[in-house]
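Asker: Can you keep this structure in mind? I'll have questions shortly.
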Amino acid sequence: MIESQDNSRTLSFQPVTLSILAMATRFEIVLCGDEFDRLRAAGEEALEEIEALDRQLSRFRGGSDISRINATAAREPVKVEPGLFHLLELARDISERTNGAFDITIGSLMNVWGFEYDSGHIPDPSDLEAARTIIGMKYVRLNEYDFTVSFEHAGIIIDLGAIGKGYAIERAVEVLKNAGVTSALLHGGTSTVYGLGAPPGQRAWRIAVKNPKGSNELIDDIELMDNSLSVSAIHGKSFIDGGHEYGHIIDPGTGQPSSHTRLAAVSGPSPTITDALSTALLVLGKEEYKALMSEFIGYSEIIINN
Ligand code: AMP
Ligand code: MG
């Protein structure tokens, strides 16, 4: 989806490259500078932060905070640490600002469409209707006085698949900055990429966005300097039935996989926000996304319709 241009070819030294598997994808960090050991230590610390967030945010990991919320918040309020509480508040805010196109209570719809473990299938109509009745951030109560989360309905499933990788990149960037790193490129599964500073001697990190329609054609070449780029696409995970492609990004309003837009990319300062917005833009229609983006100052988009 996103390909980094080979910035390293023009460098006079070898950058430090580290990677891990987390959040069901590969995260990679490229660090530039001249103190190899210091860069490596900073990169490892940033990757540890990402692994810790995977353990906290995955709805598929038994001991995670999100599993704990999903299992018990309909019965009693669940206390969470401030970082996660603020992430949930941000998710609610983006949900309101996107008229519900972005909604982290999407989990039950993901399950009935079969996207949680495999590439998906047409749901049973009654399961689909049941899942639709428990979608909505309005059913999630966030109590800012004691940092607790409670659900107003049994069965609600929070799924941070559309925002978690961006949040992990944002937290990893903080770790790198605190360690004094001034030039690095980070990405999670190539769907969110952040350019910290610029490669030595260059203006910015250059990132190419590929055309999703199969060819190797590049649709844009984006410069990132202390900026993030996120891409959401139907083909990230999809199945074909009756000649129609059903993708893993679901319109919470209709309960159907979004199909009018093939790819949505958003760039801007916060990777958490670019990640959430690229998913929202894939759901929103053409008219609506223009109005939405005018409210997010400093963010811009690329849309490829079907
Ligand atoms: P992304 O690749 O960042 O666009 O995220 C896609 C993932 O977000 C899916 O695999 C689901 O886990 C989740 N998701 C699907 N539809 C939505 C939606 N409308 N709002 C929020 N999350 C969603
Ligand atoms: Mg996203």
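So in numbering that gives the first Met the number 0, spot 8 of the sequence shown is number 7, and the numbers just go up one at a time. Idealized CB from N, CA, C, for every residue including glycine.
(1) Would you call the CB atoms of Ser-182 and Gly-196 closer than 9 Å?
(2) Exposed or buried, which one is Gly-27 when buried takes at least 16 other CB atoms within 10 Å?
(3) Note down, in chain order, each residue of its chain lying with its Cβ closer than 7 Å to the Cβ of Asp-220, except the 5 sequence neighbours on either side.
(4) Select from Glu-48, Gly-235 and Glu-169 the residue whose C-alpha is nearest the C-alpha of Lys-212.
(5) Would the beta-carbon of Ser-149 be found less than 8 Å away from any heavy atom of the ligand MG?
(6) Between the region 63-73 and the region 140-150, do at least 3 Cβ pairs fall closer than 8 Å?
(7) For Met-0, count neighbouring C-beta atoms within 10 Å of its own C-beta (all shown protein chains included) and say buried if the count is 16 or more, exposed if not.
(8) Could you tell me the distance, in whole angstroms, from the CA atom of Arg-8 to the CA atom of Ile-134?
(9) Around the Cβ of Ile-35, are there at least 16 other Cβ atoms within 10 angstroms (buried) or fewer (exposed)?
(10) With C-beta atoms as the reference, is Ser-190 less than 9 Å away from Asp-274?
(11) So Ala-45 and Leu-228 are in contact, right, with Cβ under 8 Å, and what is the actual spacing, rounded?
(12) Just reading off the alpha helix (DSSP H) that Ala-40 is part of, what are its end residues?
(13) With DSSP run on the structure shown, which of helix, strand or coil describes Ile-1?
(14) What are the start and end residues of each continuous beta strand (DSSP E) run of 3 or more residues lying completely inside the region 123-171, in chain order?
(15) Verify whether the separation of the beta carbon atoms of Thr-97 and Tyr-138 is less than 9 Å.
(16) Evaluate contact between the region 101-115 and the region 246-253, counting only Cβ atoms and requiring at least three cross-stretch pairs below 8 Å.
(17) By the three-class DSSP mapping on this structure, what secondary structure does Thr-104 have?
(18) What residues in its chain sit with their C-beta under 7 Å from that of Thr-271, if we drop five residues either side in the sequence?
(19) Measure the alpha-carbon distance for Arg-140 versus Ser-94 and round it to whole angstroms.
(20) Short check: CB of Ala-279 to CB of Arg-261, under 9 Å?
(21) Confirm the yes/no value for this check: CB of Ala-21, any heavy atom of the ligand MG, distance under 8 Å.
(22) Taking its Cβ as the centre, do 16 or more other Cβ atoms sit within 10 Å of Asp-158, making it buried, or is it exposed?
(23) Here's a check: name, in chain order, each residue in its chain whose Cβ is nearer than 7 Å to the Cβ of Ile-49, leaving out the five neighbours to either side.
(24) For Ser-7, name the three-state secondary structure that DSSP assigns.
(25) To the nearest angstrom, how far is it from the Cα of Lys-285 to the Cα of Leu-291?
(26) How about Ser-66: is its Cβ closer than 8 Å to a heavy atom in the ligand MG?
Answerer: Let's see:
(1) Within the sequence shown, the letter at position 183 stands for residue 182. Within the sequence shown, the letter at position 197 stands for residue 196. For Ser-182 and Gly-196, yes; Cβs fall inside 9 Å.
(2) Working through the sequence shown from its first residue, we reach residue 27 at position 28. Reading off the sequence shown, one finds Glu at residue 27, where the question assumed Gly. Glu-27 comes out buried.
(3) Sequence index remark: in the sequence shown, residue 220 carries index 221 (1-based). The answer, listed in chain order, is Arg-205 and Ala-207.
(4) Within the sequence shown, residue 212 is the residue found at index 213, counting from 1. Nearest option by C-alpha distance: Gly-235.
(5) Counted from its first residue, the sequence shown places residue 149 at position 150. No.
(6) The answer is yes - the region 140-150 touches the region 63-73, with three or more Cβ pairs under 8 Å.
(7) Taking the sequence shown and counting its residues from 1, the one referred to as residue 0 is at position 1. Interpretation of Met-0 is limited by its pLDDT of 45, a score under 50 that renders its predicted location unreliable; the figure taken from the coordinates is listed afterwards. It is buried - the Cβ of Met-0 has at least 16 other Cβ atoms within 10 Å.
(8) Within the sequence shown, the letter at position 9 stands for residue 8. Within the sequence shown, the letter at position 135 stands for residue 134. Low confidence applies here, because Arg-8 scores a pLDDT of 49, under 50, leaving its location unreliable; read the following figure in that light. It is roughly 48 Å from the alpha-carbon of Arg-8 to the alpha-carbon of Ile-134.
(9) If you number the sequence shown from 1, residue 35 lands on position 36. The question names Ile, but residue 35 in the sequence shown is Phe. Around the beta carbon of Phe-35, fewer than 16 other beta carbons lie within 10 angstroms, which makes this residue exposed.
(10) Your numbering for residue 190 matches position 191 in the sequence shown. Your numbering for residue 274 matches position 275 in the sequence shown. A contact, by the Cβ cut-off of 9 Å.
(11) As a position in the sequence shown, residue 45 is number 46, starting the count at 1. As a position in the sequence shown, residue 228 is number 229, starting the count at 1. In fact, because the Cβ distance is near 18 Å, the residues do not count as touching under 8 Å.
(12) In the sequence shown, the residue the question calls residue 40 occupies position 41. Ala-40 -> alpha helix (DSSP H) spans 35-56.
(13) Taking the first residue of the sequence shown as 1, we reach residue 1 at position 2. Model confidence at Ile-1 stands at a pLDDT of 46, short of 50, so the residue's coordinates are unreliable and nothing is read from them.
(14) Complete beta strand (DSSP E) runs here, min 3: 139-142 and 147-150.
(15) As a first step, residue 97 is located in the sequence shown; it is residue number 98 there, counting from the start. As a first step, residue 138 is located in the sequence shown; it is residue number 139 there, counting from the start. Taking 9 Å as the Cβ cut-off, Thr-97 and Tyr-138 do not qualify as a contacting pair.
(16) yes
(17) Your numbering for residue 104 matches position 105 in the sequence shown. Thr-104: helix per DSSP, three-state reduction.
(18) On the sequence shown, residue 271 is found 272 positions in, with the first residue counted as 1. Answer for Thr-271: Leu-89, Ile-162, Gly-165, Tyr-166 and Glu-169, listed in chain order.
(19) Walking along the sequence shown from the start, residue 140 turns up at place 141. Walking along the sequence shown from the start, residue 94 turns up at place 95. Approximately 14 Å, taken between the alpha carbons.
(20) The residue given as residue 279 occupies position 280 in the sequence shown. The residue given as residue 261 occupies position 262 in the sequence shown. No; because the gap between Cβ atoms is not below 9 Å, this pair is not in contact.
(21) Position 22 of the sequence shown, counted from the start, is the residue given in the question as residue 21. No, the beta carbon of Ala-21 sits no closer than 8 Å to any heavy atom of the ligand MG.
(22) Taking the first residue of the sequence shown as position 1, residue 158 is located at position 159. The Cβ neighbour count for Asp-158, taken over all protein chains shown within 10 Å, is at least 16; the residue is labelled buried.
(23) Numbered from its first residue, the sequence shown carries residue 49 at position 50. Excluding sequence neighbours, Ile-49 sits near Ile-19, Ala-21, Phe-26, Ala-167 and Ala-171.
(24) Translated into the one-based positions of the sequence shown, residue 7 becomes position 8. The pLDDT assigned to Ser-7 is 47, lower than 50, so where the model puts this residue is not dependable, and the model offers no usable value.
(25) For the purposes of this step, residue 285 is taken as residue 286 along the sequence shown, with counting starting at 1. For the purposes of this step, residue 291 is taken as residue 292 along the sequence shown, with counting starting at 1. So the two alpha carbons sit approximately 10 Å from each other.
(26) In the sequence shown, counting from the first residue as 1, residue 66 sits at position 67. For the ligand MG, not one heavy atom lies less than 8 Å from the Cβ of Ser-66.
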